[in-house]
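All remarks here apply to the structure that follows.
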Amino acid sequence: MELALWTYEGPPHVGAMRIATSMRDVHYVIHAPQGDTYADLLFTMIERHKRRPPVTYTTFQARDLGGDTADLLKRTIAEAYERYKPNALMVGESCTAELIQDQPGSLARGMNIPVPVVPLELPSYSKKENWGASESLYYLVRHVLAAVPEGDRVEPRNQAPDETSSRRPLANVLGPTSLGFRCRDDAVEICKLLEDLGVEVNLVAPLDATTADLKRIPAADFNICLYPEIARTLCKWLEKTCGQPTINTVPIGVGATLAFIAEIEALTGIDGSVMKNAGLSRLPWYSRSVDSTYLTGKRVCIFGDGTHVIAAARIARDELGFEVVGLGTFSREMARDLKAVAAEFGIEPLITDDYLDIEAAIAELQPELVLGTQMERHMAKRLGIPCAVISSPVHVQDFPARYSPQMGFEGANVIFDTWVHPLTMGLEEHLLHMFRDDFEFNDSAAPSHLHGEGVAPPVSDTHASIPAGENAIAFTAEAAANSASAGAASAGAATARAATVGAATVGAGPDAHDPVEVLTRWNGDAEAELKKIPFFVRGKARRNTEAYARELGQSEITIDTLYEAKAHYGR
Amino acid sequence: MNAPALCDIPVTIERGQREVFCGLTGIVWLHRKMQDAFFLVVGSRTCAHLLQSAAGVMIFSEPRFATAIMQEKDLAGLANANEELDRIVHRLLDRRPDIKTLFLVGSCPSEVIKLDLGKAAERLSLTHQGRVRVLNYTGSGIETTFTEGEDTCLEAMVQAAPETEAAQLLVVGTLPDVVEDQFQRLLDDAGISEAAGQVVFFPPRRAETLPAIGPNTRFMLVQPFLNATRRALLGKGCQHIPALFPFGVNGTTAWLNAAAEACGVDSKRVDAACAAPAARASKALAHYRDTLGGKRIWFMPDSQLEIPLARFLEQECGARLLEIGVPYLDRQTLGAELACLPDNSGIVEGQDVDRQLDRLREANPDLVVCGLGLANPLEAEGYCSKWSIELVFSPIHGFEQAGDLAELFARPLRRKSRLTV
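Line by line, the protein sequences give chains A and P. Using my numbering, the letters of the first sequence correspond one by one to residues 134 to 704. Using my numbering, the letters of the second sequence correspond one by one to residues 46 to 466.
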C-alpha cells in the first residue's frame, strides 16, 4: 500500500476517458461501481466542457454483485451503442471491476457491434492516468486502422516528398488531449506554425479528431509527438508499421521551437529559415531588456509532468537566466528522459508522486520561484514562495478563456509573462531596495500588481520574536509549531525537515536539539545588519552566511561573518 | 413515539446508470466537522482521485484525510494487505500525534476483496490503546451513495458510544457550528433543553468526546440521509422523535414543535421562542417569491436532501415540482416529509441518467438541481442549474438560513436573467 494525500494522476481508466472525451465520435463503456462517475466532473467542471464525457458506466452496486454483473455489462454496452451510435466503442473497467473479472473487452467483442470495439486492459493497481491515456490512444488507433477494409486502406507514403514536386510534406500532430495542460491552444499554435513552415497537417489527434481522421494516419509523411506521455507509444508503433518517422522535439520555449523547426527541416528538406527568425517571439528581447536583469540567477524549483519539466528547465536556464536548483517529475515513464536532462544541470532529479517529499524538497531548497502543478502552487503558497503553473494536474483557472499556448513562439511569450508575473518586477525591486524604510515599501508590502498573493508572508510580531524569524524559514517553523501545538497540520516530512533547517539557527522550535548540527547563532549586531538587507535577498544572505559559518566551524555570526560570506559567495 | 403512517405517495422506481458520488465524499465535510479525527480510506487510486476532485479547491495542503492505495501485491493475499495497512497506520500516527480518532474507511475494492476493516480497527485500537481510537465504516460506492457515507460513519460512532442512563436530546447529523449554536439557543429558549435533560449534538465537534447514549436518550434527525444511524440508535434503546427536517420556516417550526411535544413542553413556549426568528425568516423568504414563485423545478438524484428541499421550495417559495429524483427512499425517515408533498411531485427512486435527461428535455424545467458532472452540459443546452453539492456544504438549516437557502436556488435564475451575452 501507498499512503497518498493528493495524487498527481488519476487511475488509468481516467486516462482512457481523456482519450474518449478528446475524440468526437468515440464512446467508452466502463464497468465500474456507483461513484466512479465522479470523473465526469473533471471534464465538465475543470475544463468547462459543454457536453458530458462520452462515457457510460455500469454503476453496479452490492446487490448486483450477487447476481450477474456480466449480464449488466452486456446490457449497458448494447444500450450505450444504440443510444450514442459511436464510430468506435472503447470498453474497459475501473479498479473494482478489475477484481470481479468479467472481462469486459472480450464480452464486448463477442457482441457483434458493427463498429470497431477497443478492449482496454488497464491495470489499476500498478498503472496511472497518463499511461492509461497512452495505451488507450494506441489501441484505439490500432483497432480503427485494423477495421478499415483492405481495399480502402490509405497506403503509407514512406518517402520524403520530391522537392521539385508541389506537394507539401504531410504531418500528423499526435498527443493533445482533453485535460492536458494548454493542449487546446498548443494544437492551434503548432498547426499555425506548421502551416507557415509549409507543412500540411494531416490531422491532430486525439483532440477533436474523428475515427475518420484516424483512418488517414498512414497517409502522412511523419508524426509529431507533441506530448510523449500520451503519444510516444503510438508514434513508435507507427514508425514500425507505417514507416513514419517521429519528430520528438517538444516545441516549448524559443530554443526548443527552433530545434523543432530544424528537426522538421532535416527530415523533409524544406527550408524553414523564415521561421527561424527569433523576432517571431518577444521573449528574447524581453529577456535581454534591462528590466529583466533582476531575473538573473533567480533560484527555481521545477516539478510536473516530464514534458513540461524538461522544457521548463531549459527555458529557465537558457532563456530567462534563472538558476535551476530543483527538478522533478511524477511521470515514471519520463524518468529516464528527465534524468538525462538533470545530469546536464548537475541536479539529482526527484522522481516521485509523494506530495510530502516534494514539499520537503522545496522547503529545503528555498527557491525564489516554483514552477509546478496545482499541488506545487499550494505548497508554494504555504511556504510564501512565488509560483507559476506549468503542468497538469491543474484547476479551473488554468483553462483560461484567452488564447494562451505554451508551444511555439507565442507560447514562449505566454511563458515569459506567466513566469515573471509572480515575481517582484525589476524596477519595483530596485525601488524597494532604495526606499525600504518608506512605509509603503516595507518588507511586508506585496508586489503592487499581486494584491498580496504569492509573496513572502508578512513578518509578524511573533515571527520577529524568533531570532531567525523571517520569510520562508519562519513560516515553516511556524507551521511546524502549529502542527505540534494546535494539531492543525501534521509535522509532515516537509515541516519536520524545514523545522530542523530553522532550528539549526533558531535554537528553538520543536526539533531544536539536533545533535549533529552545529548551532550557529547570530549576534545582535549581525542580526540587525541582516535586517538592513532587502527582504527578497535576505533569506539567501542568511542561508549563505550560516553555511559559511558552519563551514568554518564558527558558532557565532558577527557582522564580519556576514560580509565575508557575501564576498565568498558573490553573485 | 409511534412511527407515522407510511405515506402512499406514488413513487417510480428506475434502474440504470447512476450519476452520483459514492459515500467517500462525506469525508470532505466530516473531517471539517471533527477536527481531531483523521479519515484513512483503504482503497485505490480512484478513491484518492475522487476525494481530491470532490474536495474541489485544494485548500488544505495537509488534509486530515488520506488514501492507503492498494497495489498489486496487496491483492495477492489478505495477510499482506493487513500487514501493509498496519504499517501505513503506524507511519501515519507517528507523523500525526494530533490524531485522536482514526476512521478506517472501506471502499469498493476493499469490500470486494473482503478486507475486514472491523478486525483491523480492533487490532489497531489495541496496538495504539489510550492514544487513538480506531473506528471503521464503509464509504464504498457499491454500498453507499454520497451522503450515505455520513450515515455509515455516524452509525459506527453510535456503535462505539459509551452508555448512559441520563436523559438527553441528541440532535443527529452534521451541521455547521454556527447552525448548531442557533439550534442550541432555540432549544434553550423554548425550554426544550431543560425538559429534555440536556441537548447534545452528534457528531461532536471533537470525535474524542463521543457522547454517551442509552434508553433515556431521545433523538431527532437534522439530515434526511441517516437511516442506518437511526436504526443503530433505536437498537441502543434510544427513542426517535420523527419530524419534518428543519429547512425553511415550516420545517424548523415543525421540528421544534415535535421536540417540544416529545419532551412535554408547552407549545406556547415554542411559539414564543420561534416568533422573532420565524418572522425574520419569512421576511427574508419574501424577497425570493418573485424569483422562485411558479418556477418549475427538477431534482436529479444526488444528496438525498431532495425531498425536504422540494417541500421547502413548493410550500415556502411557491415553486412547482416536475420531478424529484432520489438515489434511494427510506419511507420511515422521510415519512413526514412525503406527506407534505403534492401527489404529482414525480418522485423517482434510483436512476437511469440517460432516460432521466430525455424526460428532463421533454419537460423543459426552469431550474435543475443536479450534480457537478451534469451542471455545465445542461447549462450549455440552455437550462438553468443549481449544483447540489453546495447544498451539502453550505449552512442551510434553520430560520436564520431560510433566506440563504432560497438564495441558492434563486441566484442561477437571477444570473440567467441578467446576462445578455
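Quick reminder that beta carbons are idealized off the backbone N, C-alpha and C, glycines included. The structure presented is a predicted model; accordingly, all values stated were derived computationally and were not measured.
Judged by beta-carbon spacing, I448 of chain A lies within the 8 angstroms limit of G386 of chain A, meaning their Cβ atoms are closer than that value. The three-state reading of DSSP puts W655 of chain A in strand, counting E and B together. Taking all protein chains shown into account, T192 of chain A has 16 or more neighbouring C-beta atoms within 10 Å of its C-beta and is therefore buried.
Per DSSP, R176 of chain P is not a residue of any beta strand (DSSP E), being assigned neither H nor E. In the DSSP secondary-structure assignment, S430 of chain P is bridged to P:V413. For F193 of chain A, the nearest CB of chain P lies under 8 angstroms from its own CB, placing it at the interface with that chain. Between the region 152–166 of chain A and the region 217–229 of chain A there are three or more inter-stretch CB-CB distances shorter than 8 angstroms, so the stretches are counted as touching. Under the three-state reduction of DSSP, G68 of chain P is assigned to helix. Between the alpha carbons of R683 of chain A and Y427 of chain A lies a gap of roughly 29 angstroms. Taking a 10 Å sphere around the C-beta of R181 of chain A, we find fewer than 16 other C-beta atoms and assign the residue as exposed. Judged by beta-carbon spacing, L516 of chain A lies beyond the 8 angstroms limit of A494 of chain A, meaning their Cβ atoms are not closer than that value. Interface with chain P (8 angstroms Cβ-Cβ cutoff): T343 of chain A is excluded.
Under the three-state reduction of DSSP output, W343 of chain P falls in the strand class. Proximity of N421 of chain P to chain A, defined by a Cβ-Cβ separation below 8 angstroms, is satisfied. Interface flag for I187 of chain P against chain A is set, since a Cβ pair is found closer than 8 angstroms. Under DSSP, R196 of chain A forms no beta bridge with any residue. Shown in chain order are the members of the region 90–101 of chain P whose Cβ falls below 7 angstroms from a Cβ of chain A: R90, T91, A93, H94, L95, Q97, S98, A99. Against L175 of chain A, the close residues of chain P are S98, in the order they occur along the chain (beta-carbon pairs closer than 7 angstroms). Per DSSP, the beta bridge partners of P166 of chain A are A:F193. Taking a cut-off of 8 angstroms on C-beta distances, the region 91–99 of chain P does not touch the region 255–271 of chain P, as fewer than three cross pairs fall below it. Taking C-beta atoms as the reference points, I357 of chain A and L278 of chain A fail to come closer than 8 angstroms. At a cut-off of 8 angstroms between beta carbons, A320 of chain P makes no contact with chain A. In the three-state reduction of the DSSP assignment, T366 of chain A falls in the helix class. With contacts defined by Cβ atoms closer than 8 angstroms, G265 of chain A and V147 of chain A form a contacting pair. The beta-carbon of A425 of chain P is placed less than 8 angstroms from the nearest beta-carbon of chain A. With respect to the C-alpha of K281 of chain P, the residue from P:M202, P:A364, P:P440, P:I441 having the closest C-alpha is P:M202. Under DSSP, I258 of chain P shares a beta bridge with P:E208. Within chain P, the residues placing a beta-carbon under 7 angstroms from that of M134 of chain A are A113, I114, M115, Q116, D119, E129, L130, I133, ordered along the chain.
At least one C-beta of chain A is nearer than 8 angstroms to the C-beta of I158 of chain P. The beta-carbon of G143 of chain A is placed less than 8 angstroms from the nearest beta-carbon of chain P.
Q213 of chain P carries a strand assignment under DSSP once its states are collapsed to helix, strand and coil. In this structure, A149 of chain A sits near S269 of chain A, with a CB-CB distance shorter than 8 angstroms. In this structure, V224 of chain A lies away from P256 of chain A, with their beta-carbon atoms at least 8 angstroms apart. In the DSSP assignment, T112 of chain P forms a beta bridge with A:A137, P:V86.
Non-local C-beta neighbours of T678 of chain A in its own chain, meaning closer than 7 angstroms and more than five positions away in sequence, comprise I690, T694, L695, A698, ordered along the chain. The CB of D399 of chain P comes closer than 7 angstroms to the CB of R216 in chain A, given here in chain order.
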